[in-house]
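*Asks:* A single structure is presented below for examination.
Residue numbers (the working numbering): 600 to 735.
Structural data, given as structure tokens:
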């Protein structure tokens, strides 16, 4: 089973945390990745709904439909931790476009990965003075 990073579980996947198990989220991602799905009143008569029932069962399919009813949802591909780490290793400070092409993700997502990492390493150690501290 692939690793699911909590960063990946943003919309629409984060809405499914209370409804599905992580393995089911992965199955759904595999089934619907890169697709937009309109959760309208007619969805129960569609092949999309039949696929969903086959993957997770009637009860959970009903919960998924209820969660997204009335919305057009895009299901992106989940990113694994190993891909994220490769992107960060290859990052030179200015090659967002190159990394976007290499890994098949949007430049915006590459920027989010870099920004998240920069945020996580910019913590100030105890006793260290931060450039952003206010002196009264």
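Heads up, the beta-carbon is just placed ideally off N, CA and C, and yes, glycines get one too.
Nothing here was measured: the structure is a model prediction, and the numbers come from that model.
Compute the Euclidean distance between the alpha carbons of residue 619 and residue 662, then round it to the nearest angstrom.
*Replies:* Answer to the nearest angstrom: the Cα atoms are 9 Å apart.
*Asks:* Roughly how many angstroms lie between the CA atoms of residue 642 and residue 648, to the nearest whole one?
*Replies:* Roughly 6 Å between the two C-alpha positions.
*Asks:* When burial is assigned at 16 or more other CB atoms within 10 Å of the CB, is residue 698 buried or exposed?
*Replies:* Buried: at least 16 other Cβ atoms inside 10 Å.
*Asks:* Sorted by chain position, which residues of the same chain lie with C-beta nearer than 6 Å to residue 600's C-beta, five sequence neighbours on each side aside?
*Replies:* For residue 600, the predicted model reports a pLDDT of 37, less than 50, meaning its position is unreliable; a value from the coordinates is still stated below. Within the same chain, residue 600 has no close Cβ partners at all.
*Asks:* Measure the beta-carbon distance from residue 736 to residue 709 and round it to whole angstroms, keeping in mind my assumption that it falls under 8 Å.
*Replies:* The displayed coordinates of the chain run from 600 to 735. Any statement about residue 736 would go beyond what the structure contains.
*Asks:* May I ask you to list the residues that DSSP assigns as paired with residue 634?
*Replies:* DSSP, once it has assigned bridges, lists 674 as partnering residue 634.
*Asks:* Could you name the residues of the same chain whose beta carbon sits closer than 8 Å to that of residue 701, not counting the 5 residues immediately before and after it, in chain order?
*Replies:* Counting only Cβ-Cβ distances below 8 Å, and skipping sequence neighbours, we find 689.
*Asks:* For residue 615, does the three-state DSSP call read helix, strand or coil?
*Replies:* DSSP places residue 615 in helix when its eight states are reduced to three.
*Asks:* From residue 713 to residue 682, what distance separates their C-alpha atoms?
*Replies:* For residue 713 and residue 682, the distance between alpha carbons rounds to 13 Å.
*Asks:* Would you give the residue range spanned by the alpha helix (DSSP H) that residue 691 belongs to?
*Replies:* Note, residue 691: premise wrong, no alpha helix (DSSP H); not H, not E.
*Asks:* By the DSSP assignment, the alpha helix (DSSP H) with residue 648 in it spans what residues?
*Replies:* Start and end: 646-655.
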